[in-house]
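Student: Numbering (the numbering used here), first residue to last: 2 to 264. Positions of the beta carbon are idealized from the N, C-alpha and C atoms, including for glycine. Since the model is a prediction, treat every value here as computed from it, not as a measurement.
(1) Excluding the 5 residues flanking residue 307 on each side, which residues of the same chain have their C-beta closer than 6 Å to its C-beta?
(2) Using only the alpha-carbon positions, how far apart do residue 39 and residue 215 sit?
(3) Please report the Cβ distance between residue 115 and residue 154, rounded to the nearest whole angstrom; I am assuming they are in contact, meaning their Cβ atoms lie under 8 Å.
(4) Mapping the DSSP letters down to three states, classify residue 158 as helix, strand or coil.
(5) Given residue 51, which residues of its chain have a CB within under 8 Å of its CB, disregarding the five upstream and five downstream residues?
(6) Please name the residue, chosen from 218, 213, 251, 205, that lies closest to residue 229 on a Cα-to-Cα basis.
(7) Going along the chain, which unbroken runs of the beta strand (DSSP E) with 3 or more residues stay wholly within the region 130-191?
(8) Of the choices 160, 236, 249, whose alpha-carbon is the least far from that of residue 65?
(9) If you run the structure through DSSP and keep just helix, strand and coil, what is residue 224?
(10) Can you look up residue 206 in the DSSP assignment and give me helix, strand or coil?
(11) If you count every other CB in all the chains shown that lies within 10 Å of the CB of residue 213, and 16 or more means buried, which is it?
(12) Which residues in the same chain have their Cβ closer than 6 Å to the Cβ of residue 71, if we skip the five residues on either side of it in sequence?
(13) Could you tell me the distance, in whole angstroms, from the CA atom of residue 223 to the CA atom of residue 202?
(14) So for residue 252, helix, strand or coil by DSSP?
(15) For residue 7 and residue 231, which I take to be in contact (beta-carbon distance under 8 Å), what is that distance rounded to the nearest angstrom?
(16) Where does residue 247 sit, in a helix, a strand or coil, going by DSSP?
(17) Exposed or buried, what is residue 126 when buried is set at 16 or more other beta-carbons lying within 10 Å of its beta-carbon?
(18) Report yes if the C-beta distance between residue 108 and residue 174 is below 9 Å; otherwise report no.
(19) Helix, strand or coil: which one does DSSP assign to residue 106?
(20) Mapping the DSSP letters down to three states, classify residue 10 as helix, strand or coil.
(21) With the cut-off set at 9 Å, would you say residue 82 and residue 180 are in Cβ contact?
(22) Less than 9 Å separating the beta-carbons of residue 89 and residue 176?
(23) Evaluate residue 67 with the Cβ neighbour count: other Cβ atoms within 10 Å of its Cβ, from every protein chain shown; 16 or more gives buried, anything less gives exposed.
(24) Do residue 11 and residue 233 have their C-beta atoms closer together than 9 Å?
(25) So, is residue 151 buried or exposed, given that buried needs 16 or more other C-beta atoms within 10 angstroms?
(26) Within the same chain, show all residues whose beta-carbon is closer than 8 Å to that of residue 143, passing over the 5 residues directly before and after it, in chain order.
(27) Under a Cβ-count criterion, where at least 16 other Cβ atoms within 10 Å of its own Cβ denotes burial, should residue 170 be classed as buried or exposed?
What follows is the structure, encoded as structure tokens:
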């Protein structure tokens with residue numbers, strides 16, 4: 002995935018810790034610079050600096066809300082894609098009974114294997130490319146076998162209200178799997194995250210600079226704000242990392258479908 006080149010390989014905890022240190026460090030640098038030029042700055046410049054600080058913080062809030070919305074939307078889309086795929090598979094399994102009797106057992110067995118593979122790959126880290134490719138090859142093989150079975154069944158029973166309904170359901174299963182795979186590849190563009198980090202660090206610097214001009218250090222509030230910012234960033238990154246972060250799409254719908262087939 003193109004958007005994983007820079008940040009995706011790093012643990013989200015490492016990223017937010019580095020971000021926190023950078024914000025605090027730039028705040029300290031800004032404070033020292035502001036303190037150094039304090040005596041050469043008049044009240045008008047100090048007021049202008051406060052206005053710039055408010056503007057930067059406003060930009061920070063805007064970017065934060067925008068990025069959080071993007072990551073949350075992608076998480077919701079992945080959740081709905083999982084539910085849609087489970088529903089499509091469940092419907093197709095029910096419609097196996099509409100096939101000619103000679104094909105029912107084989108179709109049911111293929112679907113059991115298919116659901117098992119979908120559950121297993123749903124728990125596999127996206128960074129394990131080789132393993133995921135192996136699973137996808139096996140899934141594609143099962144899809145081809147199911148499709149070949151459907152074609153054979155239509156030759157025996159071409160009626161649209163029996164075999165035809167099963168064929169449509171099988172097509173929905175294949176489409177839903179492709180849609181879910183596509184959504185796994187969609188993350189918040191890294192350029193947006195990098196811009197967000199730059200604004201965060203710059204905000205720390207401008208707040209330190211403003212405090213330096215006033216001659217009053219605000220270490221505790223700055224640390225508190227930095228902690229809150231890094232926590233929000235951690236949530237954004239974690240939501241945007243399917244099958245890798247702490248916040249995961251609930252796989253119980255697909256697992257329950259597998260349990261139903263075993264029963």
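Tutor: With the structure as the only source:
(1) Outside the modelled stretch of the chain, which goes from 2 to 264, sits residue 307, for which no answer is possible.
(2) 7 Å
(3) Incorrect: roughly 17 Å between the Cβ atoms, too far for contact.
(4) coil
(5) Excluding positions up to five away in sequence, the list reads 211.
(6) Distances from the CA of residue 229 to each of 218, 213, 251, 205 were compared; the closest alpha carbon is that of 205.
(7) none
(8) 236
(9) helix
(10) Here residue 206 sits in helix by DSSP.
(11) buried
(12) 189
(13) 12 Å
(14) coil
(15) Incorrect: roughly 19 Å between the Cβ atoms, too far for contact.
(16) Note: residue 247 maps to coil in three-state DSSP.
(17) A residue is called buried once 16 or more other Cβ atoms fall within 10 Å of its Cβ, and residue 126, having fewer, is exposed.
(18) no
(19) The answer is helix: DSSP assigns residue 106 an H, G or I state.
(20) coil
(21) yes
(22) Cβ atoms of residue 89 and residue 176: closer than 9 Å.
(23) exposed
(24) no
(25) So residue 151 ends up on the buried side.
(26) 111, 114, 115, 118
(27) buried
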